[in-house]
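**Student:**
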Ligand SMILES: NC(=O)C1=CN([C@@H]2O[C@H](COP(=O)(O)OP(=O)(O)OC[C@H]3O[C@@H](n4cnc5c(N)ncnc54)[C@H](O)[C@@H]3O)[C@@H](O)[C@H]2O)C=CC1
Ligand SMILES: O=C(CO)COP(=O)(O)O
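Residue numbers (the working numbering): 237 to 563.
1) Grouping DSSP H, G and I as helix and E and B as strand, with all else coil, what is residue 345?
2) Cβ-heavy atom distance between residue 343 and ligand 1 below 7 Å?
3) What would DSSP say about residue 291, mapped onto helix, strand or coil?
4) Check whether the Cβ of residue 373 lies closer than 7 Å to any heavy atom of ligand 1, and answer yes or no.
5) Assign residue 505 to buried or exposed, taking buried as 16 or more other Cβ atoms, counted over all protein chains shown, within 10 Å of its Cβ.
6) Any heavy atom of ligand 1 inside 7 Å of the beta-carbon of residue 316?
7) Excluding the 5 residues flanking residue 375 on each side, which residues of the same chain have their C-beta closer than 6 Å to its C-beta?
8) Kindly list the residues whose CB is nearer than 7 Å to the CB of residue 274, restricted to its own chain and excluding five residues on each side of it in sequence; keep chain order.
9) For residue 537 versus residue 520, is the C-beta spacing smaller than 8 Å?
10) Whose C-beta lies closer than 8 Å to the C-beta of residue 315 among residues of the same chain, with five residues either side of it excluded?
11) By DSSP, does residue 411 sit in helix, in strand, or in coil?
12) Distance, Cα to Cα, residue 399 vs residue 555?
13) List the whole-angstrom C-beta distance separating residue 434 from residue 493, where the pair is believed to meet the contact cut-off of C-beta under 8 Å.
14) I'd like to confirm the pairing. Which residues does DSSP put opposite residue 250 in its beta bridges?
15) Looking at the structure shown, is residue 470 part of a helix, part of a strand, or coil, going by DSSP?
16) Where are the beta strand (DSSP E) runs, 3 residues long or more, that stay fully inside the stretch 388-448, in chain order?
17) Can you tell me the Cβ-Cβ gap for residue 336 and residue 346, rounded? I've got them flagged as a contact below 8 Å.
18) Any contact of the stretch 444-463 with the stretch 411-423, i.e. 3+ C-beta pairs under 8 Å?
19) Go ahead and pull the three-state DSSP assignment for residue 452.
20) Ligand 1 and residue 561: does any heavy atom of the ligand fall closer than 7 Å to the residue's C-beta?
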């Protein structure tokens with residue numbers, strides 16, 4: 237594949253790992269970070285704040301200058317937290333080359349408004365085709381060059397396929413799909429269940445409860461996905477089931493670790509980013525407003541709001557009216 241200049245917006249764990257991936261795929265990688273110290277460290281070959289202990293060498297050109305980082309970019313990856321996307325794309329507005337693809341790599345839904353990230357991108361950068369990259373991929377694994385597979389989505393199938401081809405490298409296998417909404421929803425909602433999985437472990441509720449929650453959580457994920465028009469087979473794929481399996485089974489997931497601390501009754505202040513906290517609240521509201529049966533999402537939101545305890549949530553979930561599994 238020909239040389240490509242990729243700009244990453246976001247100097248955290250995933251932005252850095254994806255920039256490295258782009259280098260490995262043979263592209264030029266520039267990165268925008270809001271923090272000058274982080275930008276300097278990344279340019280020098282490490283990101284001690286977000287990827288401690290991983291030295292990746294020089295190669296990523298990191299800066300805090302939005303105009304310079306977007307100059308002559310062929311493609312932009314948006315890799316800040318979901319709740320910061322609107323702000324960061326607004327900073328990019330005016331500097332973004334027209335018609336180049338914008339690839340959303342955050343996993344979330346805008347709190348308060350319930351707007352999907354692709355819709356935010358469409359509002360702020362209407363002249364750039366939108367894509368999304370999602371799937372089971374811990375930043376530290378990808379940064380270390382460990383193998384995984386993700387999916388790249390765009391409404392235009394040919395764009396998704398082109399980006400997947402460009403982004404694939406020896407350790408990153410990129411599938412493609414035209415189901416943009418499905419990929420977005422899968423990535424956003426799995427975080428809510430990862431918090432639940434961590435909480436179950438932390439509260440000592442057992443491996444059986446864990447598997448039951450993941451299975452029934454996946455039913456809710458598909459229900460909410462269907463309401464947004466996501467295709468079931470997308471949610472059965474890497475951004476959905478794949479990421480759910482990863483983050484509901486490993487304390488390497490920050491969402492799982494957040495739930496673990498919650499379940500253990502530990503202090504939650506100052507913890508690393510857990511996107512599922514904001515997503516749980518907005519997903520619970522969306523489910524309520526649209527009449528979607530999503531009791532686990534609702535329970536996670538209420539636990540996070542401190543409206544109920546984990547034990548109360550479990551008791552309420554266990555005493556719901558019995559029904560067939562297919563309902
Ligand atoms: N870390 C991981 O393993 C993966 C993360 N993701 C997703 O990528 C997104 C970003 O996650 P990470 O990079 O891991 O988070 P992080 O916490 O490691 O880094 C977040 C970065 O965004 C910056 N940031 C935060 N608020 C900002 C704002 N208002 N304006 C500008 N920059 C801001 C921070 O300074 C930091 O550089 C999340 O949606 C996450 O779900 C997706 C796949 C893997
Ligand atoms: O989405 C991820 C891996 O696919 C990362 O999960 P956490 O944000 O929970 O660490």
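The C-beta atom is built at its ideal place from N, Cα and C for all residues, glycine as well.
Just so we're clear, the structure is a prediction, and the values are computed from it rather than from any experiment.
**Tutor:** In terms of the structure at hand:
1) Along the chain shown, read from residue 1 onward, the residue named residue 345 stands at position 109. Strand at residue 345.
2) Reading the chain shown from its first residue, position 107 is the one you call residue 343. The answer is yes for residue 343.
3) Stepping through the chain shown from its first residue, residue 291 is reached at position 55. Three-state result, residue 291: strand.
4) In the chain shown, counting from the first residue as 1, residue 373 sits at position 137. Residue 373: yes, Cβ under 7 Å from ligand 1.
5) Position 269 of the chain shown, counted from the first residue, corresponds to residue 505. So residue 505 ends up on the exposed side.
6) Sequence index remark: in the chain shown, residue 316 carries index 80 (1-based). Yes, the Cβ of residue 316 comes within 7 Å of a heavy atom of ligand 1.
7) Taking the chain shown and counting its residues from 1, one reaches residue 375 at position 139. The answer, listed in chain order, is 249, 250 and 253.
8) To locate residue 274, count along the chain shown from 1; it is residue 38. In chain order, 247, 283 and 285 place their CB closer than 7 Å to the CB of residue 274, counting only its own chain and leaving out the 5 sequence neighbours on each side.
9) The residue given as residue 537 occupies position 301 in the chain shown. The residue given as residue 520 occupies position 284 in the chain shown. The answer is yes: Cβ separation under 8 Å.
10) Here the question's residue 315 lines up with position 79 in the chain shown. 244, 245, 246, 248, 250, 251, 254, 341 and 342.
11) For the purposes of this step, residue 411 is taken as the residue at position 175 of the chain shown. It is a strand residue.
12) Along the chain shown, one-based indexing puts residue 399 at 163. Along the chain shown, one-based indexing puts residue 555 at 319. Cα to Cα, the separation comes out at about 47 Å.
13) For the purposes of this step, residue 434 is taken as the residue at position 198 of the chain shown. For the purposes of this step, residue 493 is taken as the residue at position 257 of the chain shown. The pair is a contact, with the Cβ atoms about 6 Å apart (cut-off 8 Å).
14) In the chain shown, residue 250 corresponds to position 14, counting from 1. DSSP lists no partner for residue 250.
15) Your numbering for residue 470 matches position 234 in the chain shown. Of the three classes helix, strand and coil, the one that applies to residue 470 here is helix, per DSSP.
16) Along the stretch 388-448, the beta strand (DSSP E) occurs as fully enclosed runs of 3 or more residues at 408-413, listed in sequence order.
17) What you label residue 336 is simply residue 100 of the chain shown in a count that begins at 1. What you label residue 346 is simply residue 110 of the chain shown in a count that begins at 1. Residue 336 to residue 346, Cβ: 23 Å. No contact.
18) yes
19) The residue you call residue 452 lines up with position 216 of the chain shown. If DSSP states are grouped into helix, strand and coil, residue 452 belongs with the helices.
20) On the chain shown, residue 561 is found 325 positions in, with the first residue counted as 1. False, no ligand heavy atom lies under 7 Å from that Cβ.
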